[in-house]
Amino acid sequence: MSTTTALREKIVARDLSLTYSNAQTDTHHTVLKRFDLAVHEGEFLSLLGPSGCGKSTFLNVLAGLTPPTSGDIRVDGDPVSAVRQKLGFVFQGYALFPWRTVRKNVEAGLEIRGMKRAGRRSEAERFLRLVGLLEFADHYPHQLSGGMRQRVAIARALAYGPEILLMDEPFGALDAQTRELLQQELLAIWEQSATTVVFVTHSIDEAIFLSDRIAILGRGPGRVKEIIDVDLPRPRDAALRHSPAFVALRQRAWESLSTELDAKPRTHALPEVHHV
1 MSTTTALREK
11 IVARDLSLTY
21 SNAQTDTHHT
31 VLKRFDLAVH
41 EGEFLSLLGP
51 SGCGKSTFLN
61 VLAGLTPPTS
71 GDIRVDGDPV
81 SAVRQKLGFV
91 FQGYALFPWR
101 TVRKNVEAGL
111 EIRGMKRAGR
121 RSEAERFLRL
131 VGLLEFADHY
141 PHQLSGGMRQ
151 RVAIARALAY
161 GPEILLMDEP
171 FGALDAQTRE
181 LLQQELLAIW
191 EQSATTVVFV
201 THSIDEAIFL
211 SDRIAILGRG
221 PGRVKEIIDV
231 DLPRPRDAAL
241 RHSPAFVALR
251 QRAWESLSTE
261 LDAKPRTHAL
271 PEVHHV
């Protein structure tokens, strides 16, 4: 964790279920069922599971975008509908305004905060400096690489001042080298803050490298199958990925996931072990 404070539950989901119904066909599709999870204040927690297990759906419920069918989810003891201002969201698809410059995109987060126009420019530049993009402040999104656009999206989310940052596969569309660089940049930013992060990924290596804990989700309907503690030192660097402790965590996570993929547990390391 980025802080040394006692573990306090920031987010608590209890017996959460979500079912979509189609009245025309009289069919029902349950996405989440008896979903229980507690996220500690200031921790970095990753949701890892097969496609269709409800990872992104849970983020949408947590963000107040999708109401659950039953169960309860709270932030600091309050219903999510009352604390949306505490939440920031980073999507896989960047979600930048193409008609705004990089600076103006980051200022959008400050506008939501209600900051007066006079202070927005300097504050936006502070966050752009944090993600290493100050020199591109006057560029437009189409002039940036995919990795740079995602850094703008992260800067905008941070500028909003969230206590909780929700990240839905933010690096999923990037090449392997850029992805690993942004993972390290994200950790450097997070370690300077007290922000709680809930991060969705399909990558075992990414989950291990970033997280304090990993919630393994079972295949749909989504539920938390297992919590893995990532007892690796911080700060973390690329060399950690080749350590025996990292490899052991990779194997443990894969053995848990493989049963959800209708695959037999394997004893060899995953292809993700190879890095450039």
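Here full-length UniProt numbering is used: the first residue of the sequence shown is 1, the next is one more, and so on. Where a beta carbon is used, it is the ideal one built from N, C-alpha and C, also for glycine.
- Residue ranges of uninterrupted alpha helix (DSSP H) with 4 or more members, entirely inside the region 92–163 and ordered along the chain, are 102–113, 117–130 and 146–159.
- If you draw a straight line from the Cα of R219 to the Cα of T30, it is about 11 angstroms long.
- When secondary structure is reduced to three states using DSSP, P79 falls in the strand class.
- With a contact defined as Cβ atoms closer than 8 angstroms, A137 and R100 miss out at about 11 angstroms.
- Per the coordinates, the alpha-carbon of Q85 lies some 7 angstroms from the alpha-carbon of P162.
- Distance between F91 and I73, taken at the CA atoms: about 21 angstroms.
- Between the C-alpha atoms of I214 and D15 there is a straight-line separation of about 19 angstroms.
- Around the CB of F199, 16 or more other CB atoms lie within 10 Å, so the residue is classed as buried.
- Looking at the DSSP output, A38 bridges to V12.
- In the three-state reduction of the DSSP assignment, R223 falls in the coil class, being assigned neither a helical nor a strand state.
- In this structure, the beta-carbon distance from G88 to L158 falls below 8 angstroms.
- Pairing E180 with A253 gives a Cβ-Cβ distance that is not under 8 angstroms.
- In terms of Cβ geometry, K10 and D76 form a close pair [threshold 8 angstroms].
- Between L174 and G132, the C-beta spacing is not below 8 angstroms.
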